[in-house]
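Using my numbering, the first residue of the sequence shown is number 4, and each one after it goes up by one.
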Amino acid sequence: MAPTHNDFIASYKALTTSNLSETIGETQEFDILKSTINITSPNRNTIWTIPGPAELEWNTKNIDATKSIRFFLAKDDMVVQELGTFKNTGKADGIILAKNISSGDNYQVVGIEMFPDDKFHIAKVSTPYFSIRNKESDARKEQYRLLNASKNNTGAKPETPKKPEAPKTDEAPKRMEFDGRNITYVKELTFKNEKIKISVWDHGRQDGDIVSIYLNGYTIISKHLLTYSKKQIEITLDPNKKNDLFLYAHNLGKYAPNTVSVEITDGTTSENIILNSDLKSCEAVMISVNK
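This is the structure in structure tokens:
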């Protein structure tokens, strides 16, 4: 789990405490140069209301204003929505929350430094728990509960679901779920060659993340322990359809979510992306061949 706000304050106070030994003073000077993020809003008194827009406020140390920070909404240490990647201006507003997010008091926002100057240290922080209220989602859940209760009491059989229409043959359908996890597509890529090379490595701290990479539902990298060393493989894309490539997390390491740097190249064009995954969701890209 990412460091909490209290951990951040405690560590900062520890760095500024006087009467330290010379050795500790050297460590203090080194730590002060590390990049840090402090999210000031939302805080423990915040209540976000859906469908109203959400707002983030934060401050940083040793992160340039031209750099970016990625924010996630988490519940019970699981990511439920990516809030966005924003320049380090200290504020982002107009964030639209997913309509299916339920009311609760155990939400947190997690912030992650993007492309840190020191690859051995990436700033991560999470807020204290705060509240979200979604009357429409609560009403839908209550209606569904009452409907099920009514069916159970009457012994009525549930309606047989209609058979879904077959997808169009000229367009590959997006895979929206795998092994019980939701899949979110973050980018569409196009290459001229169907043979490509894929490199993956840890984006952030080496904290024991174990991941697999899937292409069109088949494993191309299996249960790989992420490090700063790039793991490279060569694969062949299907030129007749869109190919889906997604990240699957087998654990969360010490700091959720699993964040992986991915480089894809066909020898002519290269794309660098960042994918995230936790135990309930996966991020993915669609890849096409345009000869």
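Where is the CB? At the ideal position from N, CA and C, for every residue including glycine.
Predicted model, so just to flag it, every value in this text is computed and none were measured.
Checklist entry - In this structure, does DSSP put lysine 171 in helix, strand or coil? => result Taking the first residue of the sequence shown as position 1, residue 171 is located at position 168. Annotation note: pLDDT 37 at lysine 171 (below 50); position unreliable, no value reported.
Next on the checklist: Mapping the DSSP letters down to three states, classify alanine 101 as helix, strand or coil.
Outcome noted: Position 98 of the sequence shown, counted from the start, is the residue given in the question as residue 101. Three-state result, alanine 101: coil.
Checklist entry - Taking C-alpha atoms, which residue in Leu282, Thr43, Thr49 and Ile53 lies nearest to aspartate 182? => result Here residue 182 corresponds to residue number 179 of the sequence shown, with the count starting at 1. When C-alpha distances from aspartate 182 are compared across Leu282, Thr43, Thr49 and Ile53, the shortest belongs to Leu282.
Next on the checklist: Could you compute how far the alpha carbon of isoleucine 66 sits from the alpha carbon of isoleucine 125?
Outcome noted: As a first step, residue 66 is located in the sequence shown; it is residue number 63 there, counting from the start. As a first step, residue 125 is located in the sequence shown; it is residue number 122 there, counting from the start. Cα-Cα distance, rounded: 10 Å.
Item to check | Cβ-Cβ distance between isoleucine 201 and isoleucine 238 below 9 Å | outcome: As a first step, residue 201 must be located in the sequence shown, where it is residue number 198. As a first step, residue 238 must be located in the sequence shown, where it is residue number 235. Cβ distance < 9 Å, so isoleucine 201 and isoleucine 238 count as in contact.
Item to check | Residues sharing a beta bridge with phenylalanine 74, DSSP | outcome: What you label residue 74 is simply residue 71 of the sequence shown in a count that begins at 1. Bridge partners of phenylalanine 74: Gly87 and Gly114.
Next on the checklist: So, for asparagine 279: in the same chain, excluding its five sequence neighbours on each side, which residues have a beta-carbon less than 8 Å away from its beta-carbon?
Outcome noted: Within the sequence shown, residue 279 is the residue found at index 276, counting from 1. Only Phe75, Val82, Glu85, Leu250, Pro260, Asn261, Thr262, Val263 and Glu286 meet the Cβ criterion.
Checklist entry - Under the three-state reduction of DSSP, which class applies to glutamine 209: helix, strand or coil? => result The residue labelled residue 209 in the question sits at position 206 within the sequence shown. DSSP places glutamine 209 in coil when its eight states are reduced to three.
Next on the checklist: At the level of alpha carbons, what is the spacing between valine 128 and glutamine 111?
Outcome noted: Translated into positions along the sequence shown, residue 128 becomes position 125. Translated into positions along the sequence shown, residue 111 becomes position 108. Each residue's Cα considered, the two are about 10 Å apart.
Item to check | Proximity to aspartate 121 [Cα-Cα], best of Asn103, Ser44 and Tyr231 | outcome: In the sequence shown, the residue the question calls residue 121 occupies position 118. The option with the nearest alpha carbon to aspartate 121 is Tyr231.
Checklist entry - What number of angstroms, rounded off, separates the C-alpha of asparagine 91 from the C-alpha of threonine 49? => result In the sequence shown, residue 91 corresponds to position 88, counting from 1. In the sequence shown, residue 49 corresponds to position 46, counting from 1. Distance between the alpha carbons of asparagine 91 and threonine 49: 22 Å.
Next on the checklist: Using the three-state DSSP reduction, which class does aspartate 120 fall into: helix, strand or coil?
Outcome noted: By one-based count along the sequence shown, residue 120 stands at place 117. Three-state result, aspartate 120: coil.
Item to check | Three-state secondary structure (DSSP) of methionine 108 | outcome: Translated into positions along the sequence shown, residue 108 becomes position 105. It is aspartate, not methionine, that sits at residue 108 in the sequence shown. Strand.
Next on the checklist: Helix, strand or coil, according to DSSP, for serine 280 in the structure here?
Outcome noted: Position 277 of the sequence shown, counted from the start, is the residue given in the question as residue 280. Strand, per DSSP.
Checklist entry - For lysine 244, does the three-state DSSP call read helix, strand or coil? => result For the purposes of this step, residue 244 is taken as the residue at position 241 of the sequence shown. Coil.
Next on the checklist: Measuring alpha carbon to alpha carbon, tell me which residue in Ile216, Arg178, Phe123 and Asp241 is nearest leucine 206.
Outcome noted: Stepping through the sequence shown from its first residue, residue 206 is reached at position 203. Residue 206 is actually histidine in this sequence, not leucine. Measuring from the Cα of histidine 206, the nearest candidate turns out to be Phe123.
Checklist entry - Can you tell me the Cα-Cα spacing of glutamate 266 and glutamine 209, whole angstroms? => result As a position in the sequence shown, residue 266 is number 263, starting the count at 1. As a position in the sequence shown, residue 209 is number 206, starting the count at 1. Near 18 Å, if we compare the C-alpha coordinates of glutamine 209 and glutamate 266.
Checklist entry - CA-CA distance, proline 45 and lysine 198? => result Your numbering for residue 45 matches position 42 in the sequence shown. Your numbering for residue 198 matches position 195 in the sequence shown. The straight-line gap from Cα to Cα measures roughly 46 Å.
Next on the checklist: Once the 5 residues before and after phenylalanine 118 are set aside, which same chain residues still bring their CB inside 8 Å of it?
Outcome noted: Against the sequence shown, residue 118 aligns to sequence position 115. Excluding positions up to five away in sequence, the list reads Lys70 and Ser71.
Next on the checklist: Taking a contact to mean a Cβ-Cβ separation below 9 Å, would you say isoleucine 216 touches leucine 248 in this structure?
Outcome noted: Here residue 216 corresponds to residue number 213 of the sequence shown, with the count starting at 1. Here residue 248 corresponds to residue number 245 of the sequence shown, with the count starting at 1. Yes, Cβ-Cβ distance for isoleucine 216 and leucine 248 is below 9 Å.
Next on the checklist: Can you tell me whether isoleucine 186 is buried or exposed? The criterion is at least 16 other CB atoms within 10 Å of its CB, across all chains shown.
Outcome noted: Sequence index remark: in the sequence shown, residue 186 carries index 183 (1-based). When all chains shown are included, isoleucine 186 counts as buried.
Checklist entry - Would DSSP call aspartate 79 helix, strand or coil? => result Numbered from 1 along the sequence shown, position 76 holds the residue referred to as residue 79. In the structure shown, aspartate 79 sits in coil (DSSP, three-state: anything other than H, G, I, E or B).
Checklist entry - What does a CB cutoff of less than 8 Å around asparagine 109 pick up in its chain, not counting 5 residues either side in sequence? => result Start at 1 with the first residue of the sequence shown, and residue 109 comes out as number 106. Here the set comprises Lys78, Asp79 and Tyr132.
Checklist entry - Given leucine 218, which residues of its chain have a CB within under 7 Å of its CB, disregarding the five upstream and five downstream residues? => result As a first step, residue 218 must be located in the sequence shown, where it is residue number 215. Answer for leucine 218: Ile238, Asn246 and Leu248, listed in chain order.
Next on the checklist: So, with DSSP's three-state summary, where would you put leucine 149?
Outcome noted: Reading the sequence shown from its first residue, position 146 is the one you call residue 149. In the structure shown, leucine 149 sits in a helix (DSSP, three-state: H, G or I).
Next on the checklist: Can you tell me whether asparagine 293 is helix, strand or coil according to DSSP?
Outcome noted: Residue 293 sits at position 290 when you count from the first residue of the sequence shown. In this structure, asparagine 293 counts as coil in the three-state DSSP scheme.
Checklist entry - How long is the line joining the alpha carbons of glutamate 60 and leucine 240, rounded to whole angstroms? => result Position 57 of the sequence shown, counting from 1, holds the residue named residue 60. Position 237 of the sequence shown, counting from 1, holds the residue named residue 240. The C-alpha of leucine 240 is placed about 42 Å away from the C-alpha of glutamate 60.
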